[in-house]
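J.:
Residue numbers (the numbering used here), protein chains in the order written: chain A, 2 to 362; chain B, 2 to 362; chain C, 2 to 362; chain D, 2 to 362; chain E, 2 to 362.
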């Protein structure tokens, strides 16, 4: 379960790649998914009907917006900046907003523009090598449309697609603001899964620590500390983001939906508290490790001290009678040898008693 | 009193179970009490009369609300979501409110709805295995009624029932807001008992630590730290909840009752301060442990050093006269043997003095 | 000066005794002074006259309040709840206020009622066993009267009594609000004495730590930490209490007196800063202890290593020539014995040089 | 990569040089670049034209300000206080503002004067000896002009010059407030580079720590801690500075540009979070070091204990049969010698088993 | 440079001397300078003229205030409370203000009275024994006069006197509020000198720590920590004091002068940040000490282990052939002795290789 990794920093703690020196508003993708294909889904629905289209080129989808149904355009593949720019022009998005979409080093945030609201969230998942990955999801909420932008395929929105298709729950009866809430809720719900995985890792680590505390576990603890730090950085700003959504007074979010945002806010706080608890636990593990190392050292020292303290004086005694002086009367006593053995056994027993009393044995 | 437990995490630090992917507002019970029976008590009283009924099905109680007396409906058994939904419909409770009632991973909170106030509290108790358990109590305050929802049987409201039945104190003379205060006060009063138990545990641990500091106690300290962390998480948000109740300006809470909420607020702060003190103490215990381990190590080392330092040189001396050189004049001296003994005794005494002066003996 | 105490927790960290389950507003004494006698002093004064009476029963004092002089009623003995209730009725005090007076686990606070202001302060003193004791003083300020309630005899108000009797300072020329200030000022002034005592204890502890760092001192440090924690808990809330008095805009406190409260506020901050400094110092002492323990260990190890490193190789050499091989030419050399001594002395001197260079000697 | 440096404080932690006793408003350069030449660049541009001049004396540039184009005057060489004073007089800058420009110990700040805004930023760079250097850049924004003041040649504005010259991006179409934003953005962008360098240093340090934890690495950790502290001090106040620019309501900054400042604010927060993460990591490295030192000690002790525990008893046994008693029957047994060897081999094997079971081998 | 001091607390951490039990407003000097002489300087100036007088009795100066020039009265010698009271009466100062002047345990603060503003600052200096001393300076700003009160002779205002005398800078052209700023600025400027001294001490300490880490240095670190704590306590409240002066809207401070107070505020923040950095550094030094002690211990253990591990087995071998069994065939081999030597040399070389591989050599 737990193995030594040489490089804990394989993932940079924060994506600090940025096009230095570029003019502000320049749209450049800064992420890692540099081979992802462009893939666009369009969901257009109201209470009665739902149209679903999947596109490879952005031009095909641009005429859609004229209807008064709710439209959700989900764009995968941020490296296709041209397509994103075209979409941006169509929806009259601010250049800085577009820059933020493709610059995946953003922290979670909420920006209000005149014609839309813009939110950045982080999707967390463990990849096949059990390394925590962070993927940026940008969401734009305008009048009766929602745009979402992801770095690559694969997301946490599958059951939302199902609910739209199969008209489950309230989703088809509500506006775009409720869709945005559902998307955010899906991202936050996914954090609970991440928390569970992290919690299990901590459990495993603790068991390993009780069984056999060693150096590698310290690295594991540091690793998990850093992981929890990364998660915290991705989640903590949501507190403010969702809090502002709950209290926002612009026309994009109806009062009815705000109740749902209050619920989302509670969930966010819950996740943040859980991650704080985990961080506390990891500190506790470190303490346990240090104290168990001290303890081990104590035990080693005890063994050494007991053996040395018993045998060094005895060795001295036998040394005495190994001396070659001509005149050593004891050597000629008939029971000299047995007497010495007797004395040594007495000393031995005395020592054992002493150590018993000191609770070293 | 204190025994080694392999698994400290047997209880998840936070209930993170949640129905991932369910539509918001879906009412699903997420707790552990999956076999608890539905059990509903109805107290309907005013200054003159009191009617008490116990029901097994929610339909029987629904006509009650038409009177202008104060009604308290206490529902045990959150897994019976249908019954709770019916009750919710009857009192026109918001779906999210109902979701929060059965989702027992909520943190303590206060939500204001148009037709009611909704509060979530945590009842704490130690189960038969001395493990801290957290049970969620939801309270709904409407016009002249209070609804309470508990996961299972057994609560801290017994003396409130008595006061209603026997018309003790002010309770029958006051409205539903005073009843809500009494219920909350009972929950908070119970925290003082938990504090006392925790305080005794810390005392026991400290005594054990002074008697015989060992590795298991570190686990115990970590365990209590985590326990106090859990308690803190259950209690800390009350500060804000009760603070808001005290200052709330809606019509559910009369000005007269607010004075009582101020009192409750003081108690809450007191509990929080106590738990903080306990956390400080536990840190202090860890320090004491570490310093007593260092001390023990020092004592072990002292014994080893004293024995080794005395006997190693003596062993060398006897070794010298164990050599087999032909030409060793000392060996032929008449008192050679006794002289060597004399020298060794002098060295021995000198060493003892040295250690005395160093305060090692 | 410093002795080992087995039980550091003899005093509960916070008085958590409370009548669980009692109806709110029930007046029950929760303190330790369960044998104290009721003793009531009444000071009634204005600029010209002063009347002093001492009563054993509360009824005797009740007619007094009709005059327009300033009245100070000081009640000792909180277990006499009936007397306190009678007094409360007479002055129309709120039941919760009376409950707070006798429930001595209150934290310092200031409550404003319609007909009076109610403040809870803590008197600190060291008892004859040098244990810090906390006694609750409740003060009620109404129109031209002040009530004070203490658990038992003995307080810090002696010089105020003198000033009233002998008409020293401004006290007889001012109203009840100034009297309240004087009483509070006396309590806070007393904290400076406690601070001095605590400071001296820390000094003693530090000297002991430099002389002979040992395990008991760690307990002492923890003890003082806890003591300072207790003091802090008693004093810290005053910051807010006195701050609110300074800025209060109700009619009980005249603008003229508020200047004095500002002064009191400064003193409170000073005490709090001092206690924080002490806490910092105690942390520093712990650091000093840990580093001096490490140092001691180093010195022990040095002695062991020097002795062992010198004599173990020498013992090996003498062991070589203690072997009984038939064919060992060195044994037959005329100066073999002296040569071996020479070699051993050279090794000895070499070692000494080595340790000198390593600064171990 | 990593070498021992004797003096970690070679750079003072904060520039505390100040002309003590000088009258406030006295303009004295307090930095280190005491030989830098005066060098002034003037960029004067609007959408159509751009004029660039380079001056050695400030008088040559003073007539420029009459045009309604945007003017950027960049002054290098703060020790030429006369030139700066002349420029200050020309633009009617407040004496305290001029004092702040040349007093390079300022912390980043934003001051609003009647006729201009004044911002102090810090440029960070690693010099050729890999020591972090801090250079102060002061920026003055007035009506359609921006003045910048640097200690010496070399800055992070090169690509801004290019964009002005070659009319890339929006810069020529926008006013002086946008130019100010571009300059600030360039400074903040540069922080990302510094972060990357620092991140790499931490990585190197960690690898070195895993390979061979030693004393020098602790100094390196302290060094990087201090470096990150210095960076933090230079960057942290920007949070407030840029936040105020974003929300400022004076006429110097148009609403359109404020959107850009919001973007800059996000970047600033990102840098601050990264630096906090690095500080956390450095704490983690220290923990790893301490635990790996403890571990090494444990291993050393194990080797010692194993060897001593095995051979000390054996040496005792051979000592026994080295005694010279006349009457020692075992010595005359035919297989006495082989029996002793047998016993000793058994003891040896027993010990090995014992250590295996203790997991010391 | 660095020597062991037995008593770190020679200076009480905070001046807690206070006249317990005295009536509030009683003017009693609480400082140490109990033999200082009364010495009063009066500067009376406007743009054209300046009059300077030095007095020994306060009565001589009292008629001065009638002019409309700016008057600065500097009083040295706080123990002369009568003189201070007379001055207070003349300027109609509040009794509490006078009490604060002579009670030198005040924390820095700013009080606004109806007819004046009252500020308390702390002058810091190192005395001849290199102990940090704190002297209280009280400043009163009224309409066109400033009063300053110092405990004893010697201050940081010398260059202000010169500027007034010689009409340097703006001082003679400005009002009393500017004079107050100059005095405060002088106090704060002096802090930079203290910072520099403290910085050098930390540097010295670090060098000593790298050369030869020992117990005394820990005391030095604690000492400097406490010193920096003391400095912090004297400086930290200035943040608020100067901040309030900057934003104050009363008539004592003109808007023009407020710009200067903003500058002073920046300096104050700078000093506070520097002291925080120093505190961080001192923590770092403690870490360095602990890790270097661990390291030293490791080295000592290594030497012991190497020597013991090499020679204990060899001593066993020579012991074997020192046994006196009759039947030990090896003893009679011709090359037995040389073979044993060969084996021992092989073991020796093997051990050396082993330690080399473990990097202990």
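By construction, the Cβ of each residue, glycine as well, lies at the ideal position given by its N, Cα and C atoms. From a predicted model like this one, the values you see are computed outputs, not experimental measurements.
1. Thinking just about the alpha-carbon of each residue, which of B/215, B/165, B/289 and B/227 is nearest to the one in residue 226 of chain C?
2. Against chain B, with Cβ distances strictly below 8 Å, would residue 187 of chain C count as a contact?
3. Does DSSP classify residue 346 of chain A as helix, strand or coil?
4. With distances taken between CB atoms, is the gap from residue 328 of chain A to residue 320 of chain B smaller than 8 Å?
5. I need the DSSP call for residue 79 of chain D, collapsed to helix, strand or coil.
6. Identify whether residue 131 of chain D lies in helix, strand or coil by the three-state DSSP scheme.
7. Can you give me the start and stop residues for the beta strand (DSSP E) that residue 162 of chain C sits inside?
8. Ignore the nearest five residues each way along the sequence and tell me which others in residue 283 of chain B's own chain have a CB closer than 8 Å to its CB.
9. According to DSSP, what are the bridge partners of residue 73 of chain E?
10. Buried or exposed, going by whether 16 or more other CB atoms sit within 10 Å of the CB of residue 58 of chain D?
11. For residue 4 of chain E, would you say it is in contact with chain D, using Cβ-to-Cβ distances shorter than 8 Å as the test?
12. Quick one: list the residues of chain B neighbouring residue 322 of chain C, beta-carbon separation under 8 Å, in chain order.
13. Does any residue of chain D bring its CB to less than 8 Å from the CB of residue 281 of chain A?
14. Quick one, which of E/297, E/104 and E/109 has its alpha-carbon nearest residue 238 of chain E's?
15. Taking the alpha-carbon positions, what's the residue 214 of chain A to residue 287 of chain A distance?
16. Rounded to the nearest angstrom, what separates residue 234 of chain D and residue 101 of chain E at their Cα positions?
17. Quick test of the definition: if touching needs 3 or more C-beta pairs under 8 Å, does the segment 139-155 of chain E touch the segment 299-313 of chain C?
18. Comparing C-alpha positions only, which one of E/216, E/122 and E/28 sits nearest to residue 170 of chain C?
19. Against chain E, which members of the segment 304-322 of chain C pass a CB distance test of less than 8 Å?
20. Just checking: is the beta-carbon of residue 302 of chain E within a distance shorter than 8 Å of some beta-carbon in chain C?
21. Curious, which full-length alpha helix (DSSP H) runs of at least 4 residues does the segment 161-214 of chain E contain?
22. Residue 126 of chain C by DSSP, collapsed to three states: which one?
23. Which term fits residue 330 of chain B, buried or exposed, when burial requires 16 or more other beta carbons within 10 angstroms of its beta carbon?
24. What are the start and end residues of the alpha helix (DSSP H) that includes residue 360 of chain C?
25. Should residue 258 of chain D be labelled buried (16 or more other beta-carbon atoms within 10 Å of its own) or exposed?
26. First and last residue of the beta strand (DSSP E) that includes residue 113 of chain E?
27. Roughly how many angstroms separate the alpha carbons of residue 156 of chain D and residue 79 of chain A, rounded to a whole number?
28. Any Cβ of chain D within less than 8 Å of the Cβ of residue 32 of chain A?
29. Using beta carbons (cut-off 8 Å, strictly below), is residue 74 of chain D in contact with chain H?
30. Output the residue ranges of the alpha helix (DSSP H) runs that lie fully inside the segment 230-314 of chain E and measure 4 residues or longer, sorted by chain position.
31. Within the continuous beta strand (DSSP E) that includes residue 28 of chain E, where are the two ends?
32. Starting from residue 103 of chain B, trace the beta strand (DSSP E) in both directions and tell me its first and last residue.
33. When burial is assigned at 16 or more other CB atoms within 10 Å of the CB, is residue 41 of chain B buried or exposed?
34. Could you check the C-alpha separation between residue 16 of chain D and residue 150 of chain A for me, to the nearest Å?
T.: Based on what the coordinates show:
1. The shortest Cα separation from residue 226 of chain C among B/215, B/165, B/289 and B/227 belongs to B/289.
2. Interface criterion not met: the Cβ of residue 187 of chain C is under 8 Å from no Cβ in chain B.
3. It is helical.
4. Their beta carbons are not under 8 Å apart, which means residue 328 of chain A does not touch residue 320 of chain B by this criterion.
5. DSSP places residue 79 of chain D outside both helix and strand once states are collapsed to three, so it counts as coil.
6. Coil.
7. Unbroken run through residue 162 of chain C is the alpha helix (DSSP H), 159-167; no beta strand (DSSP E).
8. A distance below 8 Å between beta-carbons, with the five flanking residues on each side excluded, links residue 283 of chain B to the following residues of its chain, in chain order: 203, 222, 225, 226 and 229.
9. In DSSP, residue 73 of chain E forms a bridge with E/44 and E/147.
10. Label assigned to residue 58 of chain D: exposed.
11. In this predicted model, residue 4 of chain E has a pLDDT of only 43, less than 50, meaning its place in the structure is not dependable enough to derive any value.
12. What residue 322 of chain C touches in chain B: 324, 325 and 326.
13. False, the Cβ-Cβ gap to chain D never drops below 8 Å.
14. Closest by C-alpha distance to residue 238 of chain E, out of E/297, E/104 and E/109, is E/109.
15. Going by C-alpha positions, residue 214 of chain A is about 10 Å away from residue 287 of chain A.
16. When rounded, the distance between both Cα atoms is 36 Å.
17. No, because fewer than three Cβ pairs between the segment 139-155 of chain E and the segment 299-313 of chain C fall closer than 8 Å, the two stretches do not touch.
18. Distance check between residue 170 of chain C and each of E/216, E/122 and E/28 places E/28 closest, using alpha-carbon atoms only.
19. Taking 8 Å as the Cβ-Cβ cut-off against chain E, the residues of the segment 304-322 of chain C that qualify are 305, 306, 309, 310, 313, 314, 316, 317, 320 and 321.
20. For residue 302 of chain E, the closest Cβ of chain C is nearer than 8 Å.
21. Counting only runs that start and end inside the segment 161-214 of chain E, the alpha helix (DSSP H) elements of at least 4 residues fall at 177-212.
22. Three-state DSSP puts residue 126 of chain C in a strand.
23. Counting the other Cβ atoms within 10 Å of the Cβ of residue 330 of chain B gives fewer than 16, which makes it exposed.
24. Neither: residue 360 of chain C is in no alpha helix (DSSP H) and is coded neither H nor E.
25. Buried: at least 16 other Cβ atoms inside 10 Å.
26. 110-113 is the span of the beta strand (DSSP E), which, as asked, contains residue 113 of chain E.
27. Each residue's Cα considered, the two are about 33 Å apart.
28. No Cβ of chain D is located within less than 8 Å of the beta carbon of residue 32 of chain A.
29. Judged by its chain identifiers, the structure shown contains no chain H, and its protein chains are A, B, C, D and E.
30. As far as the segment 230-314 of chain E is concerned, its whole alpha helix (DSSP H) runs of at least 4 residues are 239-248.
31. Here residue 28 of chain E belongs to no beta strand (DSSP E), and DSSP marks it neither H nor E.
32. Not the beta strand (DSSP E): residue 103 of chain B falls in the alpha helix (DSSP H), residues 96-103.
33. Here residue 41 of chain B is buried. Its C-beta has 16 or more other C-beta atoms within 10 Å.
34. Low per-residue confidence applies at residue 16 of chain D: pLDDT is 43, beneath 50, and the placement is therefore not dependable enough to give any value.
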